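J.:
In this note's numbering, the protein residues as written are 160 to 590.
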């Protein structure tokens, strides 16, 4: 139906005939002339309606359209105009494809504040807001930038099961589902399967897919369904995994700065390319630091929100927390050779906010089985996984990024639901 998006009009010569399609954002009627603002996904355009050229009945019909009605406008570009947009469309034909009902559930360009729950209940219209749409254009660029980087680095995209028979990492944060005659669970992570792919000789794999955590959080940082970007790489250490993560983060930000200039302007957000390498700070060093500042914390504990706020004041950009205690990490983490109390695991932080975690994995069958038992788990429940380590498993490492969490941090959004199309949390399963 359309020939051009609104952002392409400036490139065309005066008098060029175009067809643009979108939503009626606003109509300003001055009597014998009206200005209709048409919005599509790329921006807005002014359509100038002239009564004597359109005829009174047709002019009246178009002026009477409700806001958010869907139309297509065929007409000529006029660049000899005083419009702030630098051009206008003089229409020869306007097709009304679907007229919106009135009143709208919520406004698009109105300066009225609407709470997050009302917005999510009417997400179909909330997403029409340019500032909301810009968040998802940026999120798309992040996903694309990460995928391009990994493909260029020789990673193979895989798709692992989302219905599983046993917990990925132990624990109780699982959604149980009825799978015919058996109980099954929604996957927390593709962790076990991407490690099995290392035994299969794929060497470098990644997956971008949903993951599920049955955690009863009700905060602005947690979801129960999210998009996880996972990688695993063979013949690699935790240092190699961190180097790859740095490259992925850098390239994703570089892509945003190149492809999302308009979106960053709409959001009034500035994103700077980080310096590499990111600082790498040992767990013990930060433990001593927070204790010296009066926050009591024992070896093996995770950092509290209070502790992370303190740490974030010292390290404001991207940095790694490395060499975590084994008791604070999953059974598949490789213990450090010099001191098995520690594991070759890391977290990537942006100031006080955690972005992701990763580790070098334990590829030694006997040691891995022993760790499973130490965590209070039954090795028989992980037989399909453990068998992959008995017949030639290379050293390997990996990590996982939550796409929404990363987007939230980069765009400085206050609530992770802002960057989630249709959030699933403790209280929301519709729409």
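Yeah, the Cβ is synthetic: ideal placement off N, Cα and C, and Gly gets one too.
In this text, all values refer to a predicted model and were calculated from it rather than measured experimentally.
#1: Buried or exposed: residue 429, going by 16 or more other Cβ atoms within 10 Å of its Cβ?
#2: Do three or more CB pairs link the segment 287 to 301 to the segment 558 to 575 at distances below 8 Å?
#3: Could you tell me whether the segment 387 to 398 touches the segment 273 to 289, where touching means 3 or more Cβ pairs closer than 8 Å?
#4: Quick one: Cα of residue 542 to Cα of residue 345, how far?
#5: Expressed to the nearest angstrom, what Euclidean distance is found between the alpha-carbon atoms of residue 403 and residue 177?
#6: Whole-angstrom Cβ separation of residue 308 and residue 407, contact assumed at under 8 Å?
#7: Count the C-beta pairs between the segment 530 to 546 and the segment 381 to 390 that are closer than 8 Å, then say yes if the count reaches three, no if not.
#8: Are three or more beta carbon pairs between the segment 476 to 494 and the segment 508 to 526 nearer than 8 Å?
#9: Rounded to the nearest angstrom, what separates residue 355 and residue 392 at their Cα positions?
#10: Check this for me: beta carbons of residue 389 and residue 413, under 9 Å apart or not?
#11: Under 8 Å, with one C-beta from each stretch per pair, do the segment 470 to 486 and the segment 502 to 513 reach the 3-pair mark?
#12: Taking the alpha helix (DSSP H) that residue 589 belongs to, which residues open and close that run?
#13: Among 234, 424 and 220, which residue has its Cα nearest to the Cα of residue 290?
#14: Express the C-alpha separation of residue 215 and residue 243 in angstroms, rounding to a whole number.
#15: Which complete beta strand (DSSP E) runs does the segment 418 to 455 hold, if anything under 3 residues is left out?
#16: Along the alpha helix (DSSP H) that carries residue 291, what are the first and last residues, could you check?
#17: Looking at C-alpha atoms only, which residue of 209, 536, 462 and 170 is the closest neighbour of residue 487?
#18: Among 497, 564, 439 and 362, which residue has its Cα nearest to the Cα of residue 553?
#19: Leaving aside the five residues before and after residue 166 along the sequence, list all residues of the same chain whose C-beta is less than 6 Å from its C-beta, in chain order.
#20: Tell me, which residues are paired with residue 392 by DSSP?
#21: Do residue 257 and residue 229 have their beta-carbon atoms positioned less than 9 Å apart in this structure?
#22: What are the boundary residues of the alpha helix (DSSP H) that residue 474 is part of?
#23: In three-state terms, what does DSSP make of residue 279?
#24: What is the C-beta distance between residue 480 and residue 445, in whole angstroms, given that I count them as a contact (C-beta under 8 Å)?
#25: Just to confirm, are residue 175 and residue 236 a CB contact at a threshold of 9 Å?
#26: Kindly indicate the opening and closing residues of the beta strand (DSSP E) around residue 519.
#27: By how many angstroms is the C-alpha of residue 436 removed from the C-alpha of residue 168?
#28: Going along the chain, which residues of its own chain have a beta-carbon closer than 6 Å to the beta-carbon of residue 373, five neighbours each way excluded?
#29: Output the distance between the C-alpha atoms of residue 352 and residue 269, rounded to the nearest integer angstrom.
#30: What does residue 203 pair with, by DSSP beta-bridge criteria?
#31: The beta strand (DSSP E) that contains residue 508, what's its start and end?
#32: Considering only residues of the same chain and omitting the five flanking positions on each side of residue 254, which have a CB-CB separation below 6 Å?
#33: Would you report the Cα separation of residue 206 and residue 234, rounded to the nearest angstrom?
#34: Which residue marks the beginning of the alpha helix (DSSP H) containing residue 358, and which one marks its end?
#35: Excluding the 5 residues preceding and the 5 following residue 502 in the sequence, name in chain order all residues of the same chain whose CB lies nearer than 6 Å to its CB.
#36: What does DSSP give as the partner residues of residue 495 in its beta bridges?
T.: Reading off the structure:
#1: exposed
#2: yes
#3: no
#4: 19 Å
#5: 46 Å
#6: 5 Å
#7: no
#8: yes
#9: 11 Å
#10: no
#11: yes
#12: No alpha helix (DSSP H) contains residue 589, which DSSP labels as neither H nor E.
#13: 424
#14: 27 Å
#15: 439 to 441
#16: 289 to 311
#17: 462
#18: 362
#19: 201 and 202
#20: 363 and 556
#21: yes
#22: Here residue 474 belongs to no alpha helix (DSSP H), and DSSP marks it neither H nor E.
#23: helix
#24: 6 Å
#25: yes
#26: 512 to 519
#27: 43 Å
#28: 332, 333 and 334
#29: 48 Å
#30: 198
#31: 501 to 509
#32: 231
#33: 9 Å
#34: 350 to 358
#35: 483, 485, 488, 492 and 494
#36: DSSP output for residue 495 lists no bridge partner at all.
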